[in-house]
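Chains as they are written, first to last, in this note's numbering: chain V, 1196 to 1475; chain S, 1196 to 1475; chain B, 1196 to 1475; chain Z, 1196 to 1475; chain A, 1196 to 1475; chain R, 1196 to 1475.
Note that CB positions come from ideal geometry on N, CA and C, so glycine has one too.
Some notes on the structure that comes next.
6 protein chains.
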Amino acid sequence: MLEQIAVEKIIRSALEEDLGWGDVTTDSTIPADTEIKGRFIAKEEGVVCGLGVVGTVFRILDETVVFEPLVQEGQKVAKGDIIAHISGKARSILKGERTGLNLLQRMSGIASMTRRFADQAAGTSARIADTRKTAPGLRILDKYAVRMGGGYNHRFNLSDMVLIKDNHIKAAGGITPAVRAAKARLSHAVKIEVEVESLLELDEAIRAGADIVMLDNMSLDMMREATGLAAGRVLLEASGNVALQGERSIRKIAETGVDIISIGALTHSVAAMDISLRFL
Amino acid sequence: MLEQIAVEKIIRSALEEDLGWGDVTTDSTIPADTEIKGRFIAKEEGVVCGLGVVGTVFRILDETVVFEPLVQEGQKVAKGDIIAHISGKARSILKGERTGLNLLQRMSGIASMTRRFADQAAGTSARIADTRKTAPGLRILDKYAVRMGGGYNHRFNLSDMVLIKDNHIKAAGGITPAVRAAKARLSHAVKIEVEVESLLELDEAIRAGADIVMLDNMSLDMMREATGLAAGRVLLEASGNVALQGERSIRKIAETGVDIISIGALTHSVAAMDISLRFL
Amino acid sequence: MLEQIAVEKIIRSALEEDLGWGDVTTDSTIPADTEIKGRFIAKEEGVVCGLGVVGTVFRILDETVVFEPLVQEGQKVAKGDIIAHISGKARSILKGERTGLNLLQRMSGIASMTRRFADQAAGTSARIADTRKTAPGLRILDKYAVRMGGGYNHRFNLSDMVLIKDNHIKAAGGITPAVRAAKARLSHAVKIEVEVESLLELDEAIRAGADIVMLDNMSLDMMREATGLAAGRVLLEASGNVALQGERSIRKIAETGVDIISIGALTHSVAAMDISLRFL
Amino acid sequence: MLEQIAVEKIIRSALEEDLGWGDVTTDSTIPADTEIKGRFIAKEEGVVCGLGVVGTVFRILDETVVFEPLVQEGQKVAKGDIIAHISGKARSILKGERTGLNLLQRMSGIASMTRRFADQAAGTSARIADTRKTAPGLRILDKYAVRMGGGYNHRFNLSDMVLIKDNHIKAAGGITPAVRAAKARLSHAVKIEVEVESLLELDEAIRAGADIVMLDNMSLDMMREATGLAAGRVLLEASGNVALQGERSIRKIAETGVDIISIGALTHSVAAMDISLRFL
Amino acid sequence: MLEQIAVEKIIRSALEEDLGWGDVTTDSTIPADTEIKGRFIAKEEGVVCGLGVVGTVFRILDETVVFEPLVQEGQKVAKGDIIAHISGKARSILKGERTGLNLLQRMSGIASMTRRFADQAAGTSARIADTRKTAPGLRILDKYAVRMGGGYNHRFNLSDMVLIKDNHIKAAGGITPAVRAAKARLSHAVKIEVEVESLLELDEAIRAGADIVMLDNMSLDMMREATGLAAGRVLLEASGNVALQGERSIRKIAETGVDIISIGALTHSVAAMDISLRFL
Amino acid sequence: MLEQIAVEKIIRSALEEDLGWGDVTTDSTIPADTEIKGRFIAKEEGVVCGLGVVGTVFRILDETVVFEPLVQEGQKVAKGDIIAHISGKARSILKGERTGLNLLQRMSGIASMTRRFADQAAGTSARIADTRKTAPGLRILDKYAVRMGGGYNHRFNLSDMVLIKDNHIKAAGGITPAVRAAKARLSHAVKIEVEVESLLELDEAIRAGADIVMLDNMSLDMMREATGLAAGRVLLEASGNVALQGERSIRKIAETGVDIISIGALTHSVAAMDISLRFL
């Protein structure tokens, strides 16, 4: 579920960016027919993501390079595990190395962080979701990595779902008129979410016909009350200041009974997973 | 020193990605002539970077939006400081909000981290440098942010400098033949760097005529010896496992006398600076 | 609700397509400073759509051309009504004439046909909706024209809503497992529609948790039964062979109580509205 | 005679438009290795056009999909005829289905309508020609479909032929100076056509050296006189209000002896040919 | 007669190519507010072409730069003449200098060479024409420069005119069947040219209905005979080995009575006109 | 050392430019299955360059065309030598002929001219270098051809090396402050060159730490003094008015001891090498 046409466009741009008019080092020191073999190795524990993307990087550069993943997309690996084998023309492999690793490390970093949050919420009914806080131009990859890490996607962009926030509410004259305006003009195909700050507002949003309600920075107690009040009539999304541990941990939030916990940091603050390409 | 033509291309792509065919929420709930005012506020201490880029986001969307930075590019701000004012059509501002913040927060995150490293090396002759470990498609912005944070750029891509690593050395039959091959075929306009793992190799690289030598994961003691050996004949670059604190801190590395300390994490593991857009 | 960045891209392509390397007729026969005035006139009754797009065509060609619409976007006009005034450099206006008219006539044709269907359904609770049967590359304009004609948009593309058809049902092993699979893997942000051919299937789709059910080519009687069975638990969409008049007219379908009536012909078989540009 | 490079660009854009970031339905309900077979079936009589284009759609998506046309491009088929077989991965075929059909149905619709006009003119010396009234971005396909339907192309765009209309005549100070200006400045490679409204103007255009004269909305009687007057010295093109039947039918116009009859409706008002993809 | 949309695309690519991620010299040594004035000076005699293009280069970089041409496009200048004044931000002007000059010098070089040939043919009825031997990607500018130098354009590309050469003739079974095949299938809007090597072939081409005949590398005597034989029924084009002086000079060819003399060297072997930008 | 991704982009644009919507001549006169064989023949002595590029032209058009070079890239050939064989579908070969030749002839023209200069400097320590005076959009190919002709590349664009000229010096307040400013702000990865007009300035540039110094239009005597003064501390580049023969010949300049001689004419005034494609 990652469209190849769009991915190839991203990769071609990335290769143009990194290659410039040529790899002056490789082409001046390595003969055209030299072959090498290498291994992608996890240098820390994590969830691998982006293997298909890396495969495409090398296929675009040189169809004769053989890239063989040894693990599944989304699989957890331990420090020292071999993730993939690669072999072929040294020039082609060295030219694609950095672009391939940049993509693989970022995507695996996202998947690994998502898995950490998802594991904390395991056993509850809460789903971990991403946001639109992605690296510009890479949203399709960032959101795919969240899915591979066991998370779920929130809306992709501004056109595929309604999310009514305080400015919209003020301009429309209240939650009810805002929801009504959206329903009156918009496709039946899009869902309507409303961001609320109180239980009163939650009640109004439910009555107005929202499909989803975002509980903005609510306390754990208020979230619990909210799930009681909603009683399954709408999906409830918790948002804001979600941590892996501590007073406002993902676990505690998940146990309030909310349906979705969205976390911007999954994609806006990515720690690249440490993966290296070692040659034999 | 950030080319506008390239920046506009990135922004147009980012806006297309986020807007899809339209902002269904804003256009259905907010009248076309509603105006709003807002402030970009730092929610944590950091170095602001990307103000010109944010200005371009809003100018592309709507030339009548007024975006007024209150701080300089690269300036340090405290938690709570107002970074910029914005005013104009509510629809235009809300449509550009996420794209603008995604860029501003990433760039400020890079600048802030770079500044933290640079401050630790202050007073030494060492410069903090970036790498090619940038987000694909955003290298021009990532490297600009490093400069705004007080760091320096390493080579931009594979075509503007020679960096001879172990594979090149093996294929060419040694450091000396590798450097000679590069010198024989390449432009006088590009510098030649060689990555070494021992002082013996450093010595060979200097004799072969390298301009810069990268000391790969060397101990502090070896680095000190290396600076003595090099005696200013080449620039020395320390690379690998550079931390803000601890046994292998940036400060300790800088005090060995190396000229450049390159840090991949500046751009491969960016923590977005917490900045929000608050409406009045 | 029509993103300008995407629209400009379409217009630039269209102008390149039509202008080639230059308008050889105009540039060789008309002096550079000749000015003309003209009027866009409706040569048949219809709903005007695309005025903003035409304005952009001329703005891209020459910022000094003045294009003044006299009617609102989506307004009904009679034969002979003046839709807009235009004045400025003759060369610029003649170069943009064909591209402007091609867009305006197609969009107005779509809006007019949509309005005709919508008028027939007036007073019922049914909404007229489009499909993905649009002209490749022009979907954003085609779907906007449907909205301007009083219709509603169905999903924009394959990624923003689930629509489970017979092949998906067969592959998944039934309606229930298909809906479950979608719910298990997909975002809470997307709605799930199921296409059914019988009331039994409708019942299964409702129980499985579908948001919308498409009644594929059902008889009027079956549709009426379906609305009774659904009892508001899902939205019902009628699809297939919808005509303006006759046995299976839009009116009759609308009166069965279905919520949405989708019509491929709104965009796959567009009759351009007859509009001409007359010079004074 | 349909350039593959340009066609692939159109198809890639169309697929990006329709696929978004992925087909959420297909990828969540159909296993990656499921194979299907299907048939493209004509649901009404018509002329098939676009088979090569459909083949390219599926080849771009998945090189292993087998698409086998059973009829020739431009061939007439009856209702119920099988046009092509398709087999391969279900995911790939379902993802390309809508884009393939949108192109095939539009192109076949154009070819079918053209064939209907061409058949009416059979036996006369008149050729059916298209205009520049095509769907923006699809001109290359629209004009190819006209050829496949037995029609001929008029100029492709504003740069490959001169067509002097009333505004050009007025600005240049008459037909003769307009033609002279064009001849003086323009390539010998382009033909010169003049639009006239009277026999007097026709006479002037011939004397001025036009290659082709367009008879704008002339009566049948005037057209007959025009052909007598022209006596083969120029090609005569009839234009405006051409119908399949009735007082001003294509047949009657063709029998006046004109050489070309151009019809905007061939491409500006396309009725998609009804073709469906049925799976076995 | 040079489409701005296409020209801007060429210029943006050229600027991206030359600027990379920034002008490191200018931005590090010249303050942002420094202003300069300069003059474009002809350092040799020639015909100036490309002033509008240079103006666009600077307008794209910085709208506040003032570029004022002192001569007309296509005007002859002497060594030392000032062609244009420029003033504004030093950074903007220095960044665009090379791209502007590269375009201006190439275009002026083409115009100057064309003018030299055209001057030699002055007083005869022969026109100087270009070919498709242009720099890939710059055809629109190359052919415009030919026009500005007093030459005429041949066909722009393979789709806007028929040119039947020996391979086409062989494959079609002769000149007559080749011309007939083209006439039978192609638009009345395109002219048909046939390349011949003998008077017999010329005769056949005329009878077959060619519009233009290319006399390939014929002797002056044969060309004279050809013009007698053709007697104005077709346009005659001389091609191959055309020199400014000598046995086969343009003058001598022109005096044979041919209509067009096409010269590949006008665009395939361009000597840049020596023009420099001097700052005050 | 010529990146395929960038080259393919150039070729696709060139083919679109030349093919328009189709080769009307070839497709109407030559059957789809006709095959031909041809030979690329040198019609004058020169250095062949661009064989891989021509191969890519035909591969993009038709993967079944066989293009077999008989000489090496950069090899000198005599008049009459066969450069390559080609065989395959006549339609594909004829469509690519012009684009292929335009690229091959330009690149071979550049390589041949470069070789002529390089041969004159043989035995000295001087290298022939190109400049940024390339055809806009083709720099990557132009500079590659210089390398194939035995020359060396100067900087690729404004971002990969510092070249301080008189305007920068004036604005910065002298050579020393200019070099210092560049060193203070810029990457250690870029070299710094200074353009000087006197030995005094040369001395200052060396002391300021320049890597390379450009001797602008200096006399042979001054150049000799400059090499003595520099004594290997910087690279010296001679620039301006370099001829193959005469008072200021490349040989004489080379014998002054300068390291680099840069020649704009290598790429700004290219004479296409005469190469033709002859069919058997």
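Taken in chain order, the complete alpha helix (DSSP H) segments of 4 residues or longer contained in the region 1394-1422 of chain Z are 1394-1403. For residue 1280(V), the enclosing beta strand (DSSP E) covers residues 1277-1284. Using a CB distance cut-off of 7 Å, residue 1298(V) does not count as an interface residue toward chain R. The beta-carbon of residue 1339(A) is placed no less than 7 Å from the nearest beta-carbon of chain Z. Contact residues of the region 1352-1366 of chain R toward chain S are 1354, 1355 and 1356 (C-beta to C-beta distance below 8 Å). For residue 1253(Z), the enclosing alpha helix (DSSP H) has its first and last residue at 1246-1256. In the three-state scheme derived from DSSP, where H, G and I count as helix and E and B as strand, residue 1320(Z) is classed as coil.
Where residue 1390(V) is concerned, the enclosing beta strand (DSSP E) starts and stops at 1387-1391.
Residue 1242(B) sits in a strand when the DSSP states are folded into three classes. The region 1454-1466 of chain A and the region 1291-1309 of chain A touch, with three or more beta-carbon pairs separated by less than 8 Å. Residue 1205(V) carries a helical assignment under DSSP once its states are collapsed to helix, strand and coil. Considering only 1220(V), 1335(V), 1208(V) and 1202(V), the residue with the shortest C-alpha distance to residue 1381(S) is 1220(V). Within the region 1426-1440 of chain S, contact with chain R at the beta-carbon level (separation under 9 Å) is assigned to 1430 and 1432. About 7 Å separates the beta carbon of residue 1316(S) from that of residue 1456(S), a gap short enough to meet the 8 Å contact definition. If you draw a straight line from the Cα of residue 1448(R) to the Cα of residue 1276(R), it is about 34 Å long. Nearest Cα to residue 1213(A) within the set 1351(R), 1209(R) and 1267(R): 1351(R). Within the same chain, 1244, 1302, 1305 and 1306 come within 6 Å of residue 1340(Z) by CB-CB distance, once the 5 residues on both sides are set aside.
Burial check for residue 1416(B): the Cβ neighbour count within 10 Å stays below 16, so the residue is exposed. Listed in chain order, the positions of the region 1208-1227 of chain R with a beta carbon within less than 8 Å of a beta carbon of chain S would be empty, since no residue qualifies. According to DSSP, residue 1233(Z) shares a beta bridge with 1281(Z) and 1474(Z). Residue 1263(R) is classed as exposed because its beta carbon has fewer than 16 other beta carbons within 10 Å across all chains shown.
Between residue 1379(V) and residue 1346(V), the C-beta gap is not smaller than 7 Å, which leaves the two residues out of contact. Judged by beta-carbon spacing, residue 1290(Z) lies beyond the 7 Å limit of residue 1336(Z), meaning their Cβ atoms are not closer than that value. Annotation: the continuous beta strand (DSSP E) that includes residue 1358(V) extends over 1357-1359. Not one beta carbon of chain R lies nearer than 7 Å to the beta carbon of residue 1258(Z). In chain order, 1213 place their CB closer than 7 Å to the CB of residue 1293(Z), counting only its own chain and leaving out the 5 sequence neighbours on each side. Taking each of 1393(B), 1252(B) and 1233(B) in turn and checking the Cα distance to residue 1265(B), the smallest one comes out for 1233(B). For residue 1261(R), the uninterrupted beta strand (DSSP E) run begins and ends at 1261-1264, by DSSP.
In terms of Cβ geometry, residue 1296(R) and residue 1268(R) do not form a close pair [threshold 7 Å]. With a threshold of 7 Å between beta carbons, residue 1305(Z) makes no contact with chain R.
In the structure shown, residue 1432(V) falls within a strand segment according to DSSP collapsed to helix, strand and coil. For the 7 Å CB-CB criterion, residue 1400(R) and residue 1391(R) form a contact. Judged by DSSP in its simplified three-state form, residue 1444(S) adopts strand. In this structure, residue 1349(Z) sits near residue 1326(Z), with a CB-CB distance shorter than 7 Å.
One Cα belongs to residue 1470(S), the other to residue 1249(S), and the distance between them is close to 13 Å. Within chain S, 1383 and 1384 have C-beta atoms less than 9 Å from the C-beta of residue 1407(R), given in sequence order.
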